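Here is the structure we will look at, set down as structure tokens.
Protein chains: 2
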Amino acid sequence: MLRDFQTVLKKLHLKVTPKRLAILEILKNESVYLSPEEVWRKLRKQFSRVGLPTVYRNLEELAQGDVISKVTHPNRQLYYYFCLNPSHHHHFICLSCRTVEDIDFCMFRELEKRVKQELKGRVVSHILQVNGLCKKCLKKDGESHA
Amino acid sequence: MLRDFQTVLKKLHLKVTPKRLAILEILKNESVYLSPEEVWRKLRKQFSRVGLPTVYRNLEELAQGDVISKVTHPNRQLYYYFCLNPSHHHHFICLSCRTVEDIDFCMFRELEKRVKQELKGRVVSHILQVNGLCKKCLKKDGESHA
DNA sequence: TGCATTAATAGAAATGGTTTCTATTTACAT
DNA sequence: ATGTAAATAGAAACCATTTCTATTAATGCA
């Protein structure tokens, strides 16, 4: 598993540092997305002297390299999470517990076509975030979010 | 036209102030989205003593009331724009000139259904931003954004 | 294995968009 | 007209994020 991360980092021309590996491990072991500060707090359990700028820098580099994903929450904070599925897909984000699930179906082939036909424009990128309540949270406190 | 805005504001239990009307006029006369600061700069041409917090407060209130729309750009700044089409729709945003066009077709009935079926979750809201190049910009400098 | 090179890091400081606070002014219902 | 509740100006605070610089660490190569 460590070997995998090392290969990934080398491909991105990033040096394999203990902190980088630890950040990847932290995100990998979470099923919810984490803010840079949350990652930092976890990282400090292993490295008492790690700085928050280091976390920001690493998260951004890893996001640039498509190793992790970056999410902007409605509160406008950045959140990052590790993403095991490298292919194009979208995310279902639970507003209650922050669990992220992949949405495997994508309707954007269709979208691209219609933007071209109807607006004569070209799609370069899109951001789709689907916010809602996951299975678990619907059971737990479904009525409070009705 | 002023009458329309007045009605809208009253429905939202917002007082009809000259600055509020001016902000609506400014956004209405723009076909691109504006940052709070850009709105403020334009507003100061009419009201030399208007403060930036006033602009933020008003934009937020108007966005809450669905009179204008709020966009988060990839650079993470807030942008607001006036939205003539009150029904549910999405936006095609030109990366070059910031023009916003409405996308009238929506594939989210389908999405909701599949989130329910496949993830057993419930969609509460979604954010879709489609970034690209509009007709005009494709013609103007199509090759530089290839 | 040791050295040179270049990236990565810590820590402090700055940045800058956004929000809060308080006194004052304004809109508007009665 | 007048009372009251909302809106505003201006200053200050906030706080997530970024920048800066000296230092440390990883990697390529002899």
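Residue numbers (this note's numbering), protein chains in the order written: chain A, 1 to 146; chain B, 1001 to 1146. Each residue gets a CB set at the ideal place from its N, CA and C atoms; glycine is no exception. Note that the structure is a prediction, hence the values are computed from the model and not measured.
Minimum Cβ-Cβ distance from residue i to chain A less than 8 Å
| i | result |
| --- | --- |
| leucine 1119(B) | yes |
| phenylalanine 1005(B) | no |
| glutamate 1101(B) | yes |
| phenylalanine 1047(B) | no |
| glutamate 1143(B) | Low confidence applies to glutamate 1143(B): its pLDDT is 43, below 50, so where it sits in the model is not reliable enough to give any reading. |
| methionine 1001(B) | Since pLDDT at methionine 1001(B) reaches only 47, below the 50 mark, its modelled position is unreliable, and no value is offered. |
| arginine 1020(B) | no |
8 Å Cβ cutoff, residue i in contact with chain B
| i | result |
| --- | --- |
| valine 115(A) | yes |
| leucine 59(A) | no |
| valine 16(A) | no |
Presumed contact (8 Å Cβ cut-off) between residue i and residue j, rounded CB distance
| i | j | result |
| --- | --- | --- |
| serine 69(A) | tyrosine 56(A) | Actually they are not in contact, since the Cβ atoms of serine 69(A) and tyrosine 56(A) sit about 16 Å apart, beyond 8 Å. |
| lysine 116(A) | arginine 122(A) | 7 Å |
| proline 1036(B) | leucine 1059(B) | 6 Å |
Neighbourhood of residue i by C-beta distance below 6 Å, restricted to the same chain and skipping five residues each side
| i | result |
| --- | --- |
| leucine 21(A) | Phe5 |
| leucine 62(A) | Ile68 |
| leucine 52(A) | Trp40 |
| serine 1048(B) | none |
Where the alpha helix (DSSP H) through residue i begins and ends
| i | result |
| --- | --- |
| leucine 1062(B) | 1052-1064 |
| lysine 161(A) | What the structure shows of chain A is the stretch from 1 to 146, and residue 161(A) is not part of that stretch, so it cannot be assessed. |
| leucine 1021(B) | 1018-1028 |
Residue nearest to residue i in terms of C-alpha spacing, selected from the options
| i | options | result |
| --- | --- | --- |
| isoleucine 1026(B) | Leu1052(B), Trp1040(B) and Val1008(B) | Trp1040(B) |
| valine 71(A) | Thr7(A), Tyr33(A) and Leu9(A) | Tyr33(A) |
| glutamate 1101(B) | Leu111(A), Glu101(A) and Leu119(A) | Leu119(A) |
Own chain, CB closer than 7 Å to residue i, minus 5 neighbours either side, in chain order
| i | result |
| --- | --- |
| threonine 1017(B) | none |
| glutamine 1046(B) | Ala1022 |
| glycine 65(A) | Leu12 |
| tyrosine 79(A) | Tyr33, Leu34, Ser35, Val71 and His73 |
| methionine 1(A) | Note on methionine 1(A): pLDDT 47, under 50, position unreliable in the model; no value is reported. |
Beta-carbon contacts of residue i that lie in its chain and below 8 Å, excluding the five residues immediately before and after
| i | result |
| --- | --- |
| valine 1050(B) | Lys1019, Trp1040, Leu1043 and Arg1044 |
| isoleucine 1023(B) | Val1039, Leu1043, Val1055, Asn1058, Leu1059 and Leu1062 |
| lysine 15(A) | Leu9 |
| threonine 7(A) | none |
| lysine 139(A) | none |
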